[in-house]
Amino acid sequence: MHLDTRNLRRVAGTAAATVTALQAGTAVLALRAGRRDYADGVWGPGLAAVAVTSALVGNGDATRRWTLAAATTAWAARLEHQMLGRLRGSDEEDDRYTEFLEGDSVPAVVGKVFVTQAVAQLLVSAPLQLAAASSLPSGRRRWLFPAGVALMVAGASVEAIADRQKSRFMAEKERAKDRSEDGEAPEELQVLDTGLWGWSRHPNYFGDSVVWDGAWLASAASAPGAWTFPAPVAMSYLLVFATGARRTEKKMEDRPGYRDYQRRVSFFLPRPPRSRR
-16 MHLDTRNLRR VAGTAAATVT ALQAGTAVLA LRAGRRDYAD GVWGPGLAAV AVTSALVGNG
44 DATRRWTLAA ATTAWAARLE HQMLGRLRGS DEEDDRYTEF LEGDSVPAVV GKVFVTQAVA
104 QLLVSAPLQL AAASSLPSGR RRWLFPAGVA LMVAGASVEA IADRQKSRFM AEKERAKDRS
164 EDGEAPEELQ VLDTGLWGWS RHPNYFGDSV VWDGAWLASA ASAPGAWTFP APVAMSYLLV
224 FATGARRTEK KMEDRPGYRD YQRRVSFFLP RPPRSRR
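Structure (structure tokens):
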């Protein structure tokens, strides 16, 4: 369970330089275009870049560091495809950014969005960095590595299925609007409450959190990796409170049928839904 601290410093330094370069480049593009929401487009690629550079620079167990790099890159590629589709599909900035940054100067925007996101990326990716500079033990603890990777795959699958179900629902809703005389979708298409969305109101965010729980578990196969537990905790906090579920709830709560949906379906952790009144 050896941790090469000198190599870890090199891995961490490379990760910091990589994230800084990506965030700086995105900030320049975003500010020129007046689209601060471009920050969403660099979240996944930044984490994938850290995973890959950590695997390149690290001297820890090769199988683990490259497996984690591959799993993170696959997760990021799917997320980026979705993010780019959303960003390209609108000529206007996401309302979340407009409201959050209203009246802010350029330095304030850079600090609140791009610097904050860079720090978050480095914190969330801490298990990947530590795993890249650590060897695996020879005992039973080493099985935490494949268990963690399996958890990453499971979480990514839940996230992908949830996003696919949402995309189908939104497409069906738009078709219904086009067919209706008043341009409104019927009541049953106001709230998605089937599939995974019938067990959790935010299954995509839940799946995302499980991905990073798995990354932490894989790193914890080496004893020092267990100390990076603030990383998955931070990711869950971001997904629930900072940029994800709570903001979505606030935006959706006045939609017809959403209050009943909140009553019946779990907020985050999946569970069987309550029956309708």
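In terms of this note's numbering, the sequence shown has 34 at position 51, counting the first letter as 1, and numbering is strictly consecutive.
Each residue gets a CB set at the ideal place from its N, CA and C atoms; glycine is no exception.
Predicted, not measured: the structure shown is a model, and the values here were computed from it.
| query | result |
| --- | --- |
| Straight-line Cα distance separating residue 138 from residue 196 | 9 Å |
| Contact the stretch 215 to 228 vs the stretch 121 to 132: 3+ CB pairs below 8 Å | no |
| Which listed residue (255, 145, 207 and 175) has its alpha carbon closest to that of residue 120 | 207 |
| contact_flag[the stretch -13 to -5, the stretch 101 to 113] where n(CB pairs < 8 Å) is 3 or more | yes |
| Pair within 8 Å by beta-carbon distance, residue 24 and residue 70 | yes |
| At least 3 beta-carbon pairs within less than 8 Å: the stretch 240 to 251 vs the stretch 184 to 204 | yes |
| Contact between the stretch 42 to 59 and the stretch 11 to 25 (3+ Cβ pairs under 8 Å) | no |
| DSSP-derived helix/strand/coil call for residue 117 | strand |
| Continuous alpha helix (DSSP H) stretch holding residue 64: start and end | 45 to 71 |
| Proximity to residue 97 [Cα-Cα], best of 211, 241 and 6 | 6 |
| Local Cβ density within 10 Å of residue 255, reported as buried at 16 or more and exposed below that | exposed |
| Distance, residue 232 Cα to residue 145 Cα | 17 Å |
| Residue from 32, 116 and 26 with nearest C-alpha to residue 62 | 26 |
| Classification of residue 237 by the beta-carbon crowding that lies within 10 angstroms, buried from 16 upward | exposed |
| C-alpha distance - residue 153 paired with residue 172, whole-angstrom precision | 9 Å |
| Distance, residue 74 Cα to residue 157 Cα | 19 Å |
| Top-ranked residue by Cα proximity to residue 51, from 99, 102 and 194 | 194 |
| Distance between beta carbons of residue 106 and residue 59, contact taken as under 8 Å | About 17 Å separates the two Cβ atoms, so there is no contact after all. |
| For residue 92 and residue 84, believed in contact at Cβ under 8 Å, the rounded distance | 6 Å |
| Cα-Cα separation, residue 180 to residue -9 | 40 Å |
| Beta-bridge partners of residue -14, as assigned by DSSP | 117 |
| Straight-line gap, residue 1 to residue 189 (C-alpha atoms, nearest Å) | 27 Å |
| Coarse secondary structure for residue 250, derived from DSSP in three states | coil |
| Local conformation of residue 157 per DSSP, three classes | helix |
| Distance CB(residue 42)-CB(residue 130) smaller than 8 Å | no |
| Simplified DSSP assignment, three categories, for residue 205 | coil |
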